[in-house]
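> Quick note: the sequence shown uses this note's numbering, first residue 54, plus one each step.
The structure is given below, and queries will be raised subsequently.
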Amino acid sequence: MATLQETLAQKIPAWREEIGKVRKELGGKVVSEVTINQAYGGMRGVKGMICDTSVVEPDKGLIVRGHPLLEIKHLWPEEILFLLLTGEMPDDEAKAALQQDYDKRAQVPEYVWDVLEVMPPDSHPMCMLDTAILVMERESVFRQWYDKGMKREDYWLAALEDALTLLARLPGVAAGMYRLRYNKGSRIDWTPGLDWGANFGNMLGLPDPTGSFAKLMRLYLNFHADHEGGNVSAFTCHTVGSALSDPYYSVSAGLNGLAGPLHGLANQECLSWILELMEKMGGVPSEEALRDFAFETLRSGKVVPGYGHAVLRVVDPRYAGFLEFGKEYMPTDPVFATVERVFNVIPKVLQEYSEERVKAGKAPIANCWPNVDAGSGALLYHYGLTEFPYYTVLFSVSRSMGMLSQLILNRAMGTAITRPKSVSTEWVKKNVGK
Ligand code: NMX
Ligand code: MLT
54 MATLQETLAQ
64 KIPAWREEIG
74 KVRKELGGKV
84 VSEVTINQAY
94 GGMRGVKGMI
104 CDTSVVEPDK
114 GLIVRGHPLL
124 EIKHLWPEEI
134 LFLLLTGEMP
144 DDEAKAALQQ
154 DYDKRAQVPE
164 YVWDVLEVMP
174 PDSHPMCMLD
184 TAILVMERES
194 VFRQWYDKGM
204 KREDYWLAAL
214 EDALTLLARL
224 PGVAAGMYRL
234 RYNKGSRIDW
244 TPGLDWGANF
254 GNMLGLPDPT
264 GSFAKLMRLY
274 LNFHADHEGG
284 NVSAFTCHTV
294 GSALSDPYYS
304 VSAGLNGLAG
314 PLHGLANQEC
324 LSWILELMEK
334 MGGVPSEEAL
344 RDFAFETLRS
354 GKVVPGYGHA
364 VLRVVDPRYA
374 GFLEFGKEYM
384 PTDPVFATVE
394 RVFNVIPKVL
404 QEYSEERVKA
414 GKAPIANCWP
424 NVDAGSGALL
434 YHYGLTEFPY
444 YTVLFSVSRS
454 MGMLSQLILN
464 RAMGTAITRP
474 KSVSTEWVKK
484 NVGK
């Protein structure tokens, strides 16, 4: 089979033609209406952009290039990247070629460590990761080629070059940062011939006598890679990239969005909430105690982290997949047992609280089920990755695959600069409904 680059080069001309045809035939048709509430409310549900790597169905969850997530949970991250970008599964040869490509690019430049080492020791791991990515921007092939007058048809090739270098280096950057930030000793080198997920696990330096931590890393990196185009990280990366800012700027921007507690940081918040609960109750809490603790959180004006979603209206399949992993590998772990118990209690609590909110004239909680962040932290904790402010970094390494895939395809399709029209409240009052 052809390599990733060759497969894309074969497919892109046909995709360009297809999109040209769709636009010619359907370009004037309406995709979505926008209500005033949507305009004030985070554009929720407004269909206003295209993303071909994956879709999120409210009643099914993530579907990657036509494959429901739980049917492809066995895929390794390299295979997921190939699938996101091309719509095809790589054969063994194409997968090995991608791994060898990573081997060649994986060395993290020394200047990255020079910068990270002088950052204040209490810097948040997400701030360190985003800084490291920005520091490497000086190597952007996209920017260098652009400055030399690159043709528009070649934008995707330059973006792919940057993407592969960035993806090859990210596990090493993230793992080295972990060891630096948490005083774990010297950095561990990338092992040529070892896959991306296992390499990341190995460079973190946590003991893995049975190989099940490497399995978790592959699963984790598969599950977080993409979630269609409108989530904060992907949409931010899309917007920044649309200005032809190079992939380093775009990914770093997207990850700054992932660092928010309503988005990717919820996995850190979630484990911190679980541990606080366990500490207060002296171990795995009873369902009654858990219910009281949850209401305490809600009545103090906070959200229950790991629950709710802007698109999903069912249990997130990513949560279901992690729960299955936990049941197989750590069924008696107390933190995991607490996560399971939380799942038995929280949807009902949120439902009840939502009804109270509606009575008080507030919006209902649209989805009371767990999302991806509700269970992932407990699995990491079990393997000794107990520094939960680091968890969003793992999410970031994975999400970079989705953001970069979307960015490469957007450059290939010549997607225009993002610039929706805003209106003022005055305009709304004067013009809407009159
Ligand atoms: N706990 C308490 N209140 C909630 C929750 C929750 N878990 N989820 C939604 N609500 C509230 C929400 O804050 C909003 O209140 P208000 O009108 O007073 O601002 C109201 O319910 C309506 O919000 P929804 O329409 O249900 O949700 P929306 O689409 O606006 O937001 C989330 C989606 C994911 C931001 C929201 O459910 C939430 O804050 N969840 C907790 C944080 C979390 O787990 N984030 C991770 C999402 C996944 N990821 O990794 O990105
Ligand atoms: C994600 O994975 O990006 C989150 O579930 C948030 C979203 O899809 O809005």
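We put the CB at the ideal spot given by N, CA and C, even for glycine.
Since we're looking at a predicted model, the values are computed, not measured.
Along the chain, where does the beta strand (DSSP E) that runs through Ser325 open and close?
To locate residue 325, count along the sequence shown from 1; it is residue 272. Where Ser325 is concerned, there is no enclosing beta strand (DSSP E), although the alpha helix (DSSP H) it sits in stretches over Ala319 to Met334.
> Taking 7 Å as the cut-off, does the CB of Ser286 come closer than this to any heavy atom belonging to the ligand MLT?
Reading the sequence shown from its first residue, position 233 is the one you call residue 286. Checking every heavy atom of the ligand MLT against the Cβ of Ser286, one is found closer than 7 Å.
> Determine the extent of the alpha helix (DSSP H) in which Glu393 is found, giving its start and end residues.
Taking the sequence shown and counting its residues from 1, one reaches residue 393 at position 340. Pro387 to Lys412 is the span of the alpha helix (DSSP H), which, as asked, contains Glu393.
> Which same chain residues end up closer than 8 Å to Ala267 when comparing Cβ atoms and leaving out the 5 residues on each side of it in sequence?
In the sequence shown, residue 267 corresponds to position 214, counting from 1. Correct list, in chain order: Gly250, Ala251, Gly254, Asn255 and Asp261.
> Cβ-heavy atom distance between Asn420 and the ligand MLT below 7 Å?
If you number the sequence shown from 1, residue 420 lands on position 367. Checking the Cβ of Asn420 against the ligand MLT gives no.
> Please confirm whether Asp183 and Leu308 have their CB atoms less than 8 Å apart.
In the sequence shown, counting from the first residue as 1, residue 183 sits at position 130. In the sequence shown, counting from the first residue as 1, residue 308 sits at position 255. The answer is yes: Cβ separation under 8 Å.
> Is the beta carbon of Val108 less than 8 Å from the beta carbon of His277?
Taking the first residue of the sequence shown as 1, we reach residue 108 at position 55. Taking the first residue of the sequence shown as 1, we reach residue 277 at position 224. For Val108 and His277, no; Cβs fall outside 8 Å.
> In whole angstroms, what is the alpha-carbon distance linking Arg76 and Arg464?
The residue labelled residue 76 in the question sits at position 23 within the sequence shown. The residue labelled residue 464 in the question sits at position 411 within the sequence shown. Approximately 17 Å, taken between the alpha carbons.
> My output table needs one value for Glu340: the three-state DSSP class, helix, strand or coil.
Position 287 of the sequence shown, counted from the start, is the residue given in the question as residue 340. Note: Glu340 maps to helix in three-state DSSP.
> Which whole runs of the alpha helix (DSSP H) in the segment 214 to 281 are 4 residues long or more, in chain order?
Correct list: 249 to 257 and 265 to 276.
> Where does Pro370 sit, in a helix, a strand or coil, going by DSSP?
Along the sequence shown, read from residue 1 onward, the residue named residue 370 stands at position 317. The answer is helix: DSSP assigns Pro370 an H, G or I state.
> Can you tell me where the beta strand (DSSP E) holding Ile125 begins and where it ends?
As a working note, residue 125 is residue 72 in the sequence shown. Segment: none, Ile125 is in no beta strand (DSSP E) and carries neither H nor E.
> How big is the Cα-Cα spacing for Phe288 and Leu376?
Numbered from its first residue, the sequence shown carries residue 288 at position 235. Numbered from its first residue, the sequence shown carries residue 376 at position 323. Between Phe288 and Leu376, the C-alpha separation is close to 28 Å.
> With hydrogens ignored, establish whether the beta-carbon of His291 is closer than 7 Å to any heavy atom of the ligand MLT.
On the sequence shown, residue 291 is found 238 positions in, with the first residue counted as 1. No, Cβ of His291 sits at least 7 Å from all heavy atoms of the ligand MLT.
> Determine the DSSP secondary structure at Ser353, reduced to helix, strand or coil.
On the sequence shown, residue 353 is found 300 positions in, with the first residue counted as 1. In this structure, Ser353 counts as coil in the three-state DSSP scheme.
> When DSSP labels each residue in this structure, what does Ser85 get in the three-state scheme?
What you label residue 85 is simply residue 32 of the sequence shown in a count that begins at 1. Reduced to three states, the DSSP call for Ser85 is coil.
> Which residues bound the alpha helix (DSSP H) around Ile116?
Here residue 116 is taken as the residue at index 63 of the sequence shown, counted from 1. Per DSSP, Ile116 belongs to no alpha helix (DSSP H); it is in the beta strand (DSSP E), Gly114 to Val117.
> Starting from Val194, trace the alpha helix (DSSP H) in both directions and tell me its first and last residue.
The count along the sequence shown starts at 1 and reaches residue 194 at position 141. Looking at the DSSP string, the run of the alpha helix (DSSP H) that includes Val194 is Val194 to Asp200.
> Sorted by chain position, which residues of the same chain lie with C-beta nearer than 7 Å to Pro442's C-beta, five sequence neighbours on each side aside?
As a working mapping, residue 442 is identified with position 389 in the sequence shown. Taken in chain order, the residues that qualify are His177, Pro178 and Gln321.
> Taking C-beta to C-beta, are Val398 and Arg344 nearer than 8 Å?
Against the sequence shown, residue 398 aligns to sequence position 345. Against the sequence shown, residue 344 aligns to sequence position 291. In this structure, Arg344 lies closer than 8 Å to Val398 by Cβ.
> Roughly how many angstroms lie between the CA atoms of Gly258 and Ser458, to the nearest whole one?
Taking the first residue of the sequence shown as 1, we reach residue 258 at position 205. Taking the first residue of the sequence shown as 1, we reach residue 458 at position 405. Roughly 29 Å separates the two Cα atoms.
> Does the separation of the CB atoms of Trp422 and Val367 fall below 8 Å?
One-based indexing of the sequence shown puts residue 422 at position 369. One-based indexing of the sequence shown puts residue 367 at position 314. Cβ atoms of Trp422 and Val367: closer than 8 Å.
> Measuring CA to CA, which of Glu340, Gly317 and Ala427 is closest to Asp279?
On the sequence shown, position 226 is the one that residue 279 refers to. Nearest of Glu340, Gly317 and Ala427 to Asp279, Cα basis: Gly317.
> On the DSSP bridge list, what partners appear for Tyr360?
Numbered from 1 along the sequence shown, position 307 holds the residue referred to as residue 360. DSSP lists Pro423 as partners of Tyr360.
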